[in-house]
Amino acid sequence: MSILVDGNTKVICQGITGNAGTFHSLGCRDYGTNMVGGVTPGKGGQNVEGIPVFDTVEEAVEKTGANATMIFVPPPFTADAILEAIDAGIGIIAAITEGVPVIDMVRVYEKVRASNSILIGPNCPGLITPGSCKIGIMPGYIHNPGKVGVMSRSGTLTYEAVWQTSNLGLGQSTCVGLGGDPIVGTSFIDLLKLYQEDDQTEAILMIGEIGGSAEEEAAAFAKANVTKPVAAFIAGRTAPPGKRMGHAGAIISGGKGTAEEKVAALEDAGIVVAPTPADMGQAVVEAIARKG
2 MSILVDGNTK VICQGITGNA GTFHSLGCRD YGTNMVGGVT PGKGGQNVEG IPVFDTVEEA
62 VEKTGANATM IFVPPPFTAD AILEAIDAGI GIIAAITEGV PVIDMVRVYE KVRASNSILI
122 GPNCPGLITP GSCKIGIMPG YIHNPGKVGV MSRSGTLTYE AVWQTSNLGL GQSTCVGLGG
182 DPIVGTSFID LLKLYQEDDQ TEAILMIGEI GGSAEEEAAA FAKANVTKPV AAFIAGRTAP
242 PGKRMGHAGA IISGGKGTAE EKVAALEDAG IVVAPTPADM GQAVVEAIAR KG
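Start counting the sequence shown at 2; every next residue gets the next number (this note's numbering).
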């Protein structure tokens, strides 16, 4: 079993005729993802190397039975693309686009929460169940089916964690890139709930960063509700004061959201915190050992 996606997931790409949409749609198909179609308004009836293109998400769902989508449309149009997917009844929406205006996400967030759809991102690498389904831009070849659920605000550190857990023979159940923006659809807590209920996931690795309070909230939730081993890493611990970080969500405001606060909250919850990115895999091993 896995969370969110598996070999039965039928995926479309909104923005499939753009360079990024085409490249990653074909990459996902090559990985084994069941890419059933794409959407670009005005280009319905065409195809992208055999993948049919539709004018609307509603039409794509009707013709293919798609239940997941990845979004590669320009930032000004991403919010409307998300809403179109929700209206069409898509269950899993992965918005890869970077630079979506925060004001747009304010408008979208509540509608996502009021729907039956799950939004991953925006500004994220997507999600992958190794060996079954890849939705997004992750390098599929470094992933291996296994027992660690990886969730992260950083795409690049996700790949590093995957490489380490693969080398340790642990593998991954499902990896989810939450995105680095201030407002994203899915939280650490949402995923902790899913990993806790997933039979394949035996341990969880959370990769956070400075800014916001998502990690502190996740630590409190894990302390009260998660029985599986949990390890974590917080990026930005050595960032110099006043340094602007690459992620829009990595902003320390009013002295809140520091690495020290996050690490303290995680350790108080019994979570093993890796001191450096090179120690993430070993932190998972230690978390598993502590749980016996």
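Every residue, glycine too, gets a C-beta built ideally from N, C-alpha and C.
Span of the alpha helix (DSSP H) around residue i
{"i": "Thr18", "result": "Per DSSP, Thr18 belongs to no alpha helix (DSSP H) and is neither H nor E."}
{"i": "Leu193", "result": "Phe189 to Glu198"}
{"i": "Ala233", "result": "Element bounds for Ala233: not the alpha helix (DSSP H) but the beta strand (DSSP E), Val231 to Ala236."}
{"i": "Ala288", "result": "Met281 to Lys292"}
{"i": "Glu203", "result": "Neither: Glu203 is in no alpha helix (DSSP H) and is coded neither H nor E."}
{"i": "Thr166", "result": "Gly156 to Asn168"}
{"i": "Ala80", "result": "Pro76 to Asp88"}
{"i": "Ala317", "result": "Nothing can be reported for residue 317: it is not among the residues displayed for the chain, which extend from 2 to 293."}
{"i": "Asn226", "result": "Ala215 to Asn226"}
Residue range of the unbroken beta strand (DSSP E) whose run includes residue i
{"i": "Ala96", "result": "Ile93 to Ala96"}
{"i": "Met2", "result": "Counting along the chain, Met2 falls outside any beta strand (DSSP E), and DSSP gives it neither H nor E."}
{"i": "Ile129", "result": "Gly127 to Thr130"}
{"i": "Asn35", "result": "Asn35 to Val40"}
{"i": "Val54", "result": "Ile52 to Phe55"}
{"i": "Val151", "result": "Pro146 to Ser153"}
{"i": "Leu120", "result": "Ile119 to Ile121"}
{"i": "Ile136", "result": "Cys134 to Gly137"}
{"i": "Thr175", "result": "Gln173 to Gly178"}
{"i": "Ile72", "result": "Ala69 to Ile72"}
Short Cβ contact (7 Å threshold) for residue i with residue j
{"i": "Gly150", "j": "Ile205", "result": "yes"}
{"i": "Ala260", "j": "Ser155", "result": "no"}
{"i": "Glu287", "j": "Val274", "result": "no"}
{"i": "Ile13", "j": "Val49", "result": "no"}
{"i": "Ile83", "j": "Ala96", "result": "yes"}
{"i": "Cys176", "j": "Ile129", "result": "yes"}
{"i": "Gly172", "j": "Pro140", "result": "no"}
{"i": "Val37", "j": "Ala67", "result": "yes"}
{"i": "Ile91", "j": "Thr70", "result": "yes"}
{"i": "Gly45", "j": "Gly122", "result": "no"}
{"i": "Thr98", "j": "Ile72", "result": "yes"}
{"i": "Gly178", "j": "Thr157", "result": "no"}
{"i": "Ala290", "j": "Ala223", "result": "no"}
{"i": "Asp199", "j": "Met2", "result": "yes"}
{"i": "Pro77", "j": "Asp56", "result": "no"}
{"i": "Gly186", "j": "Val113", "result": "yes"}
Alpha-carbon to alpha-carbon, residue j and residue i
{"i": "Ala80", "j": "Cys125", "result": "15 Å"}
{"i": "Leu5", "j": "Ala232", "result": "21 Å"}
{"i": "Ser116", "j": "Ile87", "result": "7 Å"}
{"i": "Thr202", "j": "Ile93", "result": "20 Å"}
{"i": "Val103", "j": "Pro131", "result": "31 Å"}
{"i": "Ser118", "j": "Tyr110", "result": "11 Å"}
{"i": "Val227", "j": "Lys292", "result": "12 Å"}
{"i": "His144", "j": "Gly258", "result": "31 Å"}
{"i": "Pro75", "j": "Ser188", "result": "24 Å"}
{"i": "Gly212", "j": "Gly19", "result": "33 Å"}
{"i": "Ala240", "j": "Ala89", "result": "43 Å"}
{"i": "Phe24", "j": "Gln47", "result": "16 Å"}
{"i": "Gly170", "j": "Lys148", "result": "10 Å"}
{"i": "His22", "j": "Gln15", "result": "Reading off the sequence, residue 22 comes out as Gly, not His. Their Cα atoms are separated by approximately 7 Å."}
{"i": "Ile268", "j": "Arg238", "result": "One point to set straight first is that residue 268 is Glu, not Ile, in the sequence displayed. Their backbone Cα atoms lie some 15 Å apart in a straight line."}
{"i": "Arg108", "j": "Asn168", "result": "42 Å"}
{"i": "Ala221", "j": "Gly127", "result": "26 Å"}
{"i": "Glu262", "j": "Ala215", "result": "12 Å"}
{"i": "Val58", "j": "Pro230", "result": "39 Å"}
Buried/exposed call for residue i, threshold 16 Cβ in 10 Å
{"i": "Pro276", "result": "exposed"}
{"i": "Glu219", "result": "Reading off the sequence shown, one finds Ala at residue 219, where the question assumed Glu. Ala219 comes out buried."}
{"i": "Lys64", "result": "exposed"}
{"i": "Glu331", "result": "Beyond the ends of the chain as shown, which are 2 and 293, falls residue 331; an answer cannot be given."}
{"i": "Gly8", "result": "exposed"}
{"i": "Val101", "result": "buried"}
{"i": "Tyr352", "result": "With the chain covering 2 to 293 only, the question about residue 352 has no answer from this structure."}
If contact is defined by three or more beta carbon pairs under 8 Å, each pair taking one atom from either stretch, is the region 280 to 287 in contact with the region 156 to 168? Taking a contact to require three or more Cβ pairs closer than 8 Å, the region 156 to 168 and the region 280 to 287 qualify as touching.
Is the region 132 to 139 touching the region 22 to 39, taking contact as three or more C-beta pairs under 8 Å? Touching, per the Cβ criterion.
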